[in-house]
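Asker: As numbered in the UniProt record's numbering, residues 1 to 296 make up the sequence shown, in order. Ideal Cβ placement from N, Cα and C applies to all residues, glycine included. Bear in mind the structure is a predicted one, so any value in this text is a computation, not a measurement.
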Amino acid sequence: MHADEADIDEALVGRLVAAQFPAWAGLTVRRVGSAGTSNVMYRLGRDMVVRLPRLAGSAEDVEREHRWLPRLAAVLPVAIPVPVAQGAPGEGYPYAWSVFRWLDGATPDPGRPLAEPGLFAKDVAEFLIALREADPAGAPAAYRGGPLAERDGSTREVIAGLRGLVDAGAAAAVWDAALRAPAWQGPAVWVHGDLQPGNVLVDRGRLSAVIDFECMGVGDPAVDLISAWYLMDAEAHKAFRAALGPGTDDAMWARGRGWALTIALNELRYYRETNPVMADIARRVLSRLTEGRTGS
């Protein structure tokens, strides 16, 4: 997917584990199927997973994950990754890497409705409410979560570049409305920043875990409203907004639409040739946003 990503395979992971954590040297190592773009995962035995950054930028987040995920895990209503160990560069691999506890569940199929869409929407809302209430003292700024205006020029450039693949006029209208919405005036709160199908786990239609906190930090909570368009159909979308309560006002909702739009546009631009799963998800999100199928 990326021209400069590291070469990673099962043999490398086995050597890294054996050299740095010899007590686990006899455990099986198996690639975990994923459309993830920043990290590669290998299941280690039955109860652990090794997560290795593909790129230098992703490797910079390893320390932050090991510092903050245990603190967040203590206050969130669903499971999140808990670090077991941190690995160092070695065996020709250049980055820090992690071992986490394995979390059961499956990522939702973007093309198939969930068994319990309304309950799932309420689960996501409860997760976000708890995340927003987590203590932000000393927390880093989120990768996403600043003013949308900072992305104006690049977003309009992508809209123009995808003309013919997306409804450019409708996309621009969504973006303009997001920029007109009043900016976030409250304190920066914890956000996940990337709530889409590959980053949540479900069990019997309910949210069982949230994974991949690479974009986490504090910022405008509107960014996490992307989950309405990335994870939910129209009916679940309504239940989601109701469960979030009056604190999620029209301005935040408009900014959330803007975040969903700019993220999906950039994913479609970057991954349409290299990651069909990500590109298909982005197309679905853009369709929902520009065709108005999920309401305001």
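State buried or exposed for residue 169, treating a residue as buried only when at least 16 other CB atoms are found within 10 Å of its CB.
Answerer: By the neighbour-count rule (16 or more Cβ atoms within 10 Å), residue 169 is not buried but exposed.
Asker: Given this structure, state the Cα-to-Cα distance separating residue 115 from residue 237, to the nearest angstrom.
Answerer: Taking the straight line from one Cα to the other gives about 15 Å.
Asker: Please confirm if the segment 226-243 is in contact with the segment 150-166, defined as three or more CB-CB distances below 8 Å between the two stretches.
Answerer: The segment 226-243, when compared against the segment 150-166, does not touch it at the 8 Å Cβ threshold.
Asker: So, are the CB atoms of residue 162 and residue 269 less than 8 Å apart?
Answerer: Their beta carbons are under 8 Å apart, which means residue 162 touches residue 269 by this criterion.
Asker: Whole-angstrom Cβ separation of residue 148 and residue 255, contact assumed at under 8 Å?
Answerer: Rounded, the Cβ-Cβ distance is 6 Å, consistent with contact.
Asker: With distance defined between alpha-carbon atoms, name the residue in 74, 249, 229, 244 nearest to residue 111.
Answerer: The shortest Cα separation from residue 111 among 74, 249, 229, 244 belongs to 229.
Asker: Thinking residue 100 and residue 205 are a contact (beta carbons under 8 Å), I'd like their distance in whole angstroms, please.
Answerer: With a Cβ gap of about 24 Å, residue 100 and residue 205 do not count as contacting.
Asker: May I ask you to report which of helix, strand or coil DSSP gives residue 120?
Answerer: DSSP places residue 120 in helix when its eight states are reduced to three.
Asker: Helix or strand or just coil, what does DSSP make of residue 110?
Answerer: The answer is coil: DSSP assigns residue 110 none of H, G, I, E or B.
Asker: If you follow the alpha helix (DSSP H) that residue 266 is part of, which residue opens it and which one closes it?
Answerer: It spans 250-271 - the alpha helix (DSSP H) in which residue 266 sits, taken as one unbroken run.
Asker: How would you label residue 196, buried or exposed, when you count the other beta carbons within 10 angstroms and need 16 or more for buried?
Answerer: Flag for residue 196 reads buried.
Asker: What distance in whole Å lies between the Cβ atoms of residue 84 and residue 41, which are believed to be in contact at a cut-off of 8 Å?
Answerer: With 8 Å as the limit, residue 41 and residue 84 do not qualify as a contact, their Cβ atoms being about 14 Å apart.
Asker: Measuring straight from C-alpha to C-alpha, what distance separates residue 108 and residue 289?
Answerer: Between residue 108 and residue 289, the C-alpha separation is close to 20 Å.
Asker: Go to residue 58, then tell me how far its alpha helix (DSSP H) extends in each direction, as first and last residue.
Answerer: Residue 58 -> alpha helix (DSSP H) spans 56-59.
Asker: In angstroms with no decimal places, state the Cα-to-Cα distance between residue 203 and residue 77.
Answerer: Taking the straight line joining both Cα atoms gives about 15 Å.
Asker: DSSP beta-bridge partners for residue 203?
Answerer: Answer by DSSP bridge pairing, in chain order: 206.
Asker: What's the gap between the Cα of residue 136 and the Cα of residue 43?
Answerer: Distance between the alpha carbons of residue 136 and residue 43 is about 32 Å.
Asker: With distances taken Cα to Cα, identify the nearest neighbour of residue 57 among 4, 10, 132.
Answerer: Minimum Cα distance to residue 57 is reached at 4.
Asker: For residue 38 and residue 66, which I take to be in contact (beta-carbon distance under 8 Å), what is that distance rounded to the nearest angstrom?
Answerer: With a Cβ gap of about 16 Å, residue 38 and residue 66 do not count as contacting.
Asker: For a quick check, are the C-beta atoms of residue 351 and residue 191 less than 8 Å apart?
Answerer: No answer is possible for residue 351: the residues shown for the chain start at 1 and end at 296.
Asker: To which residues does DSSP link residue 218 through a beta bridge?
Answerer: Residue 218 pairs with 141, 190.
Asker: My output table needs one value for residue 38: the three-state DSSP class, helix, strand or coil.
Answerer: Three-state DSSP puts residue 38 in coil, outside helix and strand.
Asker: Compare the Cα-Cα distances from residue 62 to each of 96, 102, 273 and report the closest residue.
Answerer: The candidate whose alpha carbon is nearest that of residue 62 is 96.
Asker: What does DSSP give as the partner residues of residue 174 in its beta bridges?
Answerer: Per DSSP, none; premise fails for residue 174.
Asker: Looking only at C-alpha atoms, which of 125, 9, 31, 287 sits nearest to residue 166?
Answerer: Of the listed residues, the one whose Cα sits closest to residue 166 is 287.
Asker: Less than 8 Å between the beta carbons of residue 139 and residue 193, yes or no?
Answerer: No, the pair does not count as a contact, with Cβ atoms beyond the cut-off.
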